[in-house]
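A.B. asks: Encoded as structure tokens, here's the structure I'll be asking about.
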Amino acid sequence: MIKECDMAKEMLPSFLQKVEVVSEASRETCVALSDCLNLFTKQEVVRNFKLEQEQEKNKILSEALETLATEHHELEQSLVKGSPPPSILSEDEFYDALSDSESEQSLSRLEAVTAHSLEEEGEHLSSRKHRMSEGKDCGGGDALSNGIKKHRTSLPSPMFSRNDFSIWSILRKCIGMELSKITMPVIFNEPLSFLQRLTEYMEHTYLIHKASSLSDPVERMQCVAAFAVSAVASQWERTGKPFNPLLGETYELVRDDLGFRLISEQVSHHPPISAFHAEGLNNDFIFHGSIYPKLKFWGKSVEAEPKGTITLELLEHNEAYTWTNPTCCVHNIIVGKLWIEQYGNMEIINHKTGDKCVLNFKPCGLFGKELHKVEGYIQDKSKKKLCALYGKWTECLYSVDPATFDAYKKNDKKNTEEKKNSKQMSTSEESDEMPMPDSESVFVIPGSVLLWRIAPRPPNSAQMYNFTSFAMVLNEVDKEMESVIPKTDCRLRPDIRAMENGEIDQASEEKKRLEEKQRAARKNRSKSEEDWKTRWFHQGPNPYNGAQDWIYSGSYWDRNYFNLPDIY
Numbered sequence: 001m002i003k004e005c006d007m008a009k010e011m012l013p014s015f016l017q018k019v020e021v022v023s024e025a026s027r028e029t030c031v032a033l034s035d036c037l038n039l040f041t042k043q044e045v046v047r048n049f050k051l052e053q054e055q056e057k058n059k060i061l062s063e064a065l066e067t068l069a070t071e072h073h074e075l076e077q078s079l080v081k082g083s084p085p086p087s088i089l090s091e092d093e094f095y096d097a098l099s100d101s102e103s104e105q106s107l108s109r110l111e112a113v114t115a116h117s118l119e120e121e122g123e124h125l126s127s128r129k130h131r132m133s134e135g136k137d138c139g140g141g142d143a144l145s146n147g148i149k150k151h152r153t154s155l156p157s158p159m160f161s162r163n164d165f166s167i168w169s170i171l172r173k174c175i176g177m178e179l180s181k182i183t184m185p186v187i188f189n190e191p192l193s194f195l196q197r198l199t200e201y202m203e204h205t206y207l208i209h210k211a212s213s214l215s216d217p218v219e220r221m222q223c224v225a226a227f228a229v230s231a232v233a234s235q236w237e238r239t240g241k242p243f244n245p246l247l248g249e250t251y252e253l254v255r256d257d258l259g260f261r262l263i264s265e266q267v268s269h270h271p272p273i274s275a276f277h278a279e280g281l282n283n284d285f286i287f288h289g290s291i292y293p294k295l296k297f298w299g300k301s302v303e304a305e306p307k308g309t310i311t312l313e314l315l316e317h318n319e320a321y322t323w324t325n326p327t328c329c330v331h332n333i334i335v336g337k338l339w340i341e342q343y344g345n346m347e348i349i350n351h352k353t354g355d356k357c358v359l360n361f362k363p364c365g366l367f368g369k370e371l372h373k374v375e376g377y378i379q380d381k382s383k384k385k386l387c388a389l390y391g392k393w394t395e396c397l398y399s400v401d402p403a404t405f406d407a408y409k410k411n412d413k414k415n416t417e418e419k420k421n422s423k424q425m426s427t428s429e430e431s432d433e434m435p436m437p438d439s440e441s442v443f444v445i446p447g448s449v450l451l452w453r454i455a456p457r458p459p460n461s462a463q464m465y466n467f468t469s470f471a472m473v474l475n476e477v478d479k480e481m482e483s484v485i486p487k488t489d490c491r492l493r494p495d496i497r498a499m500e501n502g503e504i505d506q507a508s509e510e511k512k513r514l515e516e517k518q519r520a521a522r523k524n525r526s527k528s529e530e531d532w533k534t535r536w537f538h539q540g541p542n543p544y545n546g547a548q549d550w551i552y553s554g555s556y557w558d559r560n561y562f563n564l565p566d567i568y
């Protein structure tokens, strides 16, 4: 036992030395492993960074290709199908136009489809003259841009100043009278006929195309309501009076880029009634109606009540909608800055489903809080609220859940009452001065969906009678168009043309001459007991609500304009 202990003592230093050697080796191994791990980590970081860079490059490239595909699709739609212009097509609307599978295939087919599009564009341009003779192209402008006619962006001459003229000297003897029988100086006009002014309903035709593409009837009603509100938006700050159309006067407009063509005719002089009929170039809708603008002067303001029914038919859904426009009022006729408001109810009826959209155009009120506001509900035939709509007819329209809207209105009313209680408000006589609204924009209720927003007016609008870009092109004409349109088209009216060119004295003389010629023609018909016969419209009941209306007789676009009256 002692011997064994001695042997163990002798071996212990050697064992400890070996342990130390092993420990040192382990330590070196750990250091080496640590260095390898650090190196691997650094390499992994670099690899991840490069991978992220590649992914970002791929994302940018995909987005670029997707944008190119979108632009190509919009160009192809405009050239071939006459769809809404690219400037008003949203990203959502682009994807609505394609199925998911088509969207995925569009990138791989881009090169082939682009070549096909260029071939079709060549065919489109070569057939342009033939299509013009058939009434499928519009006139005016100088050149072509991506296959769409480039329209003018300004009038030949800016508007005249009205500061040196007093409308009060003319209207002071006419309080309570109907203004359609009063001859107004040309200085208070704008260089458009009322038939052209009616055509401005079509500025936001893309809303009709969108409604036609939707499968949900409530969503279709939302788009129709937005279109109905947008139709009066161009009247904002348009204080010039359009020229009264002469009996038998006509106007046509064909817009391939917006996908419609329209014909209108002055079918009656006393009372003045204007009838119009528009149709989609893809046979997706018909929009028609007759308007009798009943004007009255009330001392400090002029009120225009647009009597008559407006009808929109969505042919793919076999649906028809009817409504009437709200009342328009121009304030400060005697003195001060002229300003416009719309007020009254607009009831849009879907005659197939029984759904209704009742919109209230609010009068501005004493303190201007309600200025330009419009709001209401879409309800089914049992009067259940399906959707709430709100906005300003000068700006935009939103949709939101009706419960959310009612809660917001309740809270807003409470805040308004608290504000009234905290202020000492006077109860003085209501002023005709333009009130300042609490906010220039609409407060967007959370959960709302934008249905329509007005396009900004051109920078020179104030010098051009506050025209929109759409209104700016309504009276343009070129030699090609002049050889095609009938001689009754109001583009050929010499008084309007003279005013547009800045020749105010000539415009006044021509206006007087045309009015005298019209009176003489009426006297001659009276002597011979001859009744006036309209050419393109006939009187009859509206097929959906039975109201008295003027219905398009057809055949205008055949371009057979024989036996037309000499009205100019």
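Residue numbers for the sequence shown follow full-length UniProt numbering, so the first one is 1 and each next one is one higher. Glycine residues also receive a C-beta, built at the ideal position from the N, C-alpha and C atoms.
Less than 9 Å separating the beta-carbons of N501 and S193?
C.D. replies: Stepping through the sequence shown from its first residue, residue 501 is reached at position 501. Stepping through the sequence shown from its first residue, residue 193 is reached at position 193. Cβ distance not < 9 Å, so N501 and S193 don't count as in contact.
A.B. asks: Measure the alpha-carbon distance for Q342 versus L371 and round it to whole angstroms.
C.D. replies: The residue you call residue 342 lines up with position 342 of the sequence shown. The residue you call residue 371 lines up with position 371 of the sequence shown. For Q342 and L371, the distance between alpha carbons rounds to 9 Å.
A.B. asks: If you draw a straight line from the C-alpha of N332 to the C-alpha of I291, how long is it?
C.D. replies: On the sequence shown, position 332 is the one that residue 332 refers to. On the sequence shown, position 291 is the one that residue 291 refers to. So the alpha carbons of these two residues sit roughly 25 Å apart.
A.B. asks: Does the beta-carbon distance from P242 to N325 come in below 9 Å?
C.D. replies: As a position in the sequence shown, residue 242 is number 242, starting the count at 1. As a position in the sequence shown, residue 325 is number 325, starting the count at 1. Their beta carbons are not under 9 Å apart, which means P242 does not touch N325 by this criterion.
A.B. asks: How is C364 classed by DSSP in three states: helix, strand or coil?
C.D. replies: The residue you call residue 364 lines up with position 364 of the sequence shown. C364 falls in the coil class under three-state DSSP.
A.B. asks: Can you give me the start and stop residues for the alpha helix (DSSP H) that E480 sits inside?
C.D. replies: Stepping through the sequence shown from its first residue, residue 480 is reached at position 480. Here the alpha helix (DSSP H) through E480 covers K479 to E482.
A.B. asks: How many Å lie between G354 and R513 at the Cα?
C.D. replies: By one-based count along the sequence shown, residue 354 stands at place 354. By one-based count along the sequence shown, residue 513 stands at place 513. Their backbone Cα atoms lie some 50 Å apart in a straight line.
A.B. asks: If we count the other Cβ atoms within 10 Å of its Cβ and call it buried at 16 or more, is L216 buried or exposed?
C.D. replies: For the purposes of this step, residue 216 is taken as the residue at position 216 of the sequence shown. Here the sequence assigns Asp to residue 216, which means Leu is not the residue at that position. So D216 counts as exposed.
A.B. asks: Starting from L346, trace the beta strand (DSSP E) in both directions and tell me its first and last residue.
C.D. replies: The count along the sequence shown starts at 1 and reaches residue 346 at position 346. A small fix is needed here, since residue 346 is Met in this sequence, not Leu. M346 -> beta strand (DSSP E) spans W339 to N350.
A.B. asks: Comparing the CB of Q463 with every heavy atom of the ligand GDP, is any distance shorter than 8 Å?
C.D. replies: With respect to the ligand GDP, the structure shown offers nothing to examine, as it has no ligands at all.
A.B. asks: Could you check whether the segment 376-395 touches the segment 351-365, counting it as contact only if at least three pairs of C-beta atoms, one from each stretch, sit closer than 8 Å?
C.D. replies: With the cut-off at 8 Å, the segment 376-395 and the segment 351-365 touch.
A.B. asks: Looking only at DSSP bridge pairs, what is G540 linked to?
C.D. replies: For this step, residue 540 is matched to residue 540 along the sequence shown. According to DSSP, which records beta bridges pairwise, G540 is partnered with D549.
A.B. asks: Which word fits L564, buried or exposed, when buried means at least 16 other C-beta atoms lie within 10 angstroms of its C-beta?
C.D. replies: Start at 1 with the first residue of the sequence shown, and residue 564 comes out as number 564. L564 should be labelled exposed.
A.B. asks: Is the segment 488-500 in contact with the segment 227-238, if contact means three or more CB pairs nearer than 8 Å?
C.D. replies: The segment 488-500 vs the segment 227-238: no contact.
A.B. asks: Under 9 Å between the Cβ atoms of E265 and G248?
C.D. replies: Residue 265 sits at position 265 when you count from the first residue of the sequence shown. Residue 248 sits at position 248 when you count from the first residue of the sequence shown. Taking 9 Å as the Cβ cut-off, E265 and G248 qualify as a contacting pair.
A.B. asks: Applying the criterion that 16 or more other CB atoms from any shown protein chain within 10 Å of the CB defines a buried residue, is A403 buried or exposed?
C.D. replies: Translated into positions along the sequence shown, residue 403 becomes position 403. Exposed.
A.B. asks: Going by DSSP, what residue range makes up the beta strand (DSSP E) through S154?
C.D. replies: Locating residue 154 in the sequence shown gives position 154, where the first residue counts as 1. It is not in any beta strand (DSSP E) - S154 carries neither H nor E in the DSSP assignment.
A.B. asks: From the DSSP output, in three-state form, read off E288 for me.
C.D. replies: For the purposes of this step, residue 288 is taken as residue 288 along the sequence shown, with counting starting at 1. What sits at residue 288 in the sequence shown is His, not Glu. Here H288 sits in strand by DSSP.
A.B. asks: Count the other CB atoms, across all protein chains shown, that sit within 10 Å of the CB of D256; report buried if there are 16 or more and exposed otherwise.
C.D. replies: As a first step, residue 256 is located in the sequence shown; it is residue number 256 there, counting from the start. With 16 or more other Cβ atoms within 10 Å, it is buried.
A.B. asks: Name the DSSP bridge partner or partners of C387?
C.D. replies: Looking up residue 387 in the sequence shown gives position 387. Note: C387 sits in a beta bridge opposite I378.
A.B. asks: Would a C-beta distance cut-off of 9 Å place I496 and P191 closer than the cut-off?
C.D. replies: By 1-based counting over the sequence shown, the position of residue 496 is 496. By 1-based counting over the sequence shown, the position of residue 191 is 191. A contact, by the Cβ cut-off of 9 Å.
A.B. asks: Return the Cβ separation of S553 and H538 in integer angstroms, given the expectation that the two are a contact with Cβ distance under 8 Å.
C.D. replies: Sequence index remark: in the sequence shown, residue 553 carries index 553 (1-based). Sequence index remark: in the sequence shown, residue 538 carries index 538 (1-based). Right, the Cβ-Cβ distance comes to about 5 Å (below 8 Å), so this counts as a contact.
A.B. asks: Please look up how many angstroms separate the CB atoms of V224 and I348, rounded, as I've assumed it's under 8 Å.
C.D. replies: Numbered from its first residue, the sequence shown carries residue 224 at position 224. Numbered from its first residue, the sequence shown carries residue 348 at position 348. Rounded, the Cβ-Cβ distance is 6 Å, consistent with contact.
A.B. asks: Report all residues from its chain with a CB closer than 6 Å to the CB of S469; omit the five preceding and five following residues, and keep chain order.
C.D. replies: Locating residue 469 in the sequence shown gives position 469, where the first residue counts as 1. The residues are P458.
A.B. asks: Quick one: what's got a C-beta closer than 8 Å to V218's C-beta in the same chain, skipping five residues either side?
C.D. replies: Here residue 218 is taken as the residue at index 218 of the sequence shown, counted from 1. Excluding residues within five positions, the ones whose Cβ falls inside 8 Å are D355, I378, L386 and C387.
A.B. asks: Can you tell me which of the three DSSP states W323 falls into?
C.D. replies: As a working note, residue 323 is residue 323 in the sequence shown. Reduced to three states, the DSSP call for W323 is strand.
A.B. asks: For the alpha helix (DSSP H) holding C223, just list the boundary residues, first then last.
C.D. replies: To locate residue 223, count along the sequence shown from 1; it is residue 223. Note, C223: alpha helix (DSSP H), P217 to S230.
A.B. asks: Taking the beta strand (DSSP E) that F260 falls in, what are its first and last residues?
C.D. replies: Start at 1 with the first residue of the sequence shown, and residue 260 comes out as number 260. It spans F260 to S268 - the beta strand (DSSP E) in which F260 sits, taken as one unbroken run.
A.B. asks: Considering only the beta carbon of each residue, do Y544 and A320 sit closer than 9 Å?
C.D. replies: For the purposes of this step, residue 544 is identified with residue 544 of the sequence shown, where counting begins at 1. For the purposes of this step, residue 320 is identified with residue 320 of the sequence shown, where counting begins at 1. Against a cut-off of 9 Å, the Cβ pair of A320 and Y544 comes out as a contact.
A.B. asks: Output needed for N542: all residues of its chain with C-beta closer than 6 Å, excluding positions within five of it in sequence on either side, in chain order.
C.D. replies: Locating residue 542 in the sequence shown gives position 542, where the first residue counts as 1. If we look at N542 and ignore the five residues flanking it on each side, its Cβ neighbours are T309 and D549.
A.B. asks: Which value, in whole angstroms, describes the spacing of the CA atoms of R559 and V302?
C.D. replies: In the sequence shown, residue 559 corresponds to position 559, counting from 1. In the sequence shown, residue 302 corresponds to position 302, counting from 1. Straight-line Cα distance between these residues: approximately 39 Å.
A.B. asks: What residue range does the alpha helix (DSSP H) around N524 cover?
C.D. replies: If you number the sequence shown from 1, residue 524 lands on position 524. Taken as a continuous stretch (DSSP letters only), the alpha helix (DSSP H) holding N524 covers I504 to K527.
A.B. asks: Assign I310 to one of three DSSP states: helix, strand, or coil.
C.D. replies: Position 310 of the sequence shown, counting from 1, holds the residue named residue 310. Reduced to three states, the DSSP call for I310 is strand.
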